[in-house]
Amino acid sequence: HTINYRFGYTDGTPMAFAEVIVIGPNGKTWQKARTDRTGHFAFGVDRETIGEDISGALSNGWQIKVADGMGHIVNLTHHAPEFDPKGATATKASPTKPHTSLRGTPALFDLPVWAGALFGMSLLVNLFGGVFLWSRRVKPT
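First residue of the sequence shown? That's 1 in full-length UniProt numbering, and the numbers climb one at a time after it.
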């Protein structure tokens with residue numbers, strides 16, 4: 001059983017090559033990997049592993065943590081589908097909400113290139129202007 005996710009930022013760009021850690025229902029690290037350049041990640045859950053502790057797999061779920069190394073972190077829980085003793089998947093008829101929380105958080109200075117350049121130029125002009133005014137101040141005699 002393969003689970004696929006796509007991770008992205010609030011502006012729609014993918015979380016490319018972000019670190020992913022999957023922790024199983026028993027609390028042990030199941031997989032460490034990275035997303036691809038389009039923000040996609042997949043991991044496999046075999047029925048034998050779920051069968052060892054089916055109550056834990058259904059109640060605790062699989063913890064997935066994605067971090068891009070720049071402060072954006074996504075934490076989510078994947079609950080495995082229920083299996084009957086014969087191995088068939090049992091389906092639940094409960095409605096699901098859209099996963100809007102799967103996106104990362106926006107960065108403090110998540111600006112377009114032109115806005116970042118303008119911000120940098122403004123910062124430099126103000127810095128050098130302050131130094132110029134400070135150096136011109138009249139010293140008391």
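All C-beta atoms in this analysis are idealised placements derived from N, C-alpha and C, irrespective of residue type, glycine included.
Assign residue i to buried or exposed, taking buried as 16 or more other Cβ atoms, counted over all protein chains shown, within 10 Å of its Cβ.
i           : result
G8          : buried
F41         : buried
P25         : buried
A18         : buried
G39         : buried
V66         : buried
W62         : buried
V131        : exposed
H79         : exposed
residue 146 : Because the chain in this structure spans residues 1 to 141, residue 146 falls outside the shown range and cannot be described.
V45         : buried
M15         : buried
V125        : exposed
D11         : exposed
A57         : Reliability of the predicted coordinates at A57 is poor, the pLDDT of 49 falling under 50, and the value obtained from them is presented with this limitation in mind. Looking at its Cβ environment, which holds 16 or more other Cβ atoms inside 10 Å, A57 is buried.
K139        : exposed
Looking at the unbroken beta strand (DSSP E) that takes in residue i, where does it start and where does it end?
i    : result
N126 : Premise fails: N126 lies in the alpha helix (DSSP H), 113-136, not in any beta strand (DSSP E).
R37  : No beta strand (DSSP E) holds R37; DSSP gives it neither H nor E.
T77  : 73-78
T2   : 2-6
Which partner residues of residue i appear in the DSSP bridge assignment?
i   : result
G61 : None; G61 has no bridge partner.
V66 : V20, V74
G44 : T2
P14 : G8
Could you tell me how far apart the beta carbons of residue i and residue j are, in whole angstroms, since I believe they sit closer than 8 Å?
i   : j   : result
V20 : T35 : 6 Å
I3  : F43 : 6 Å
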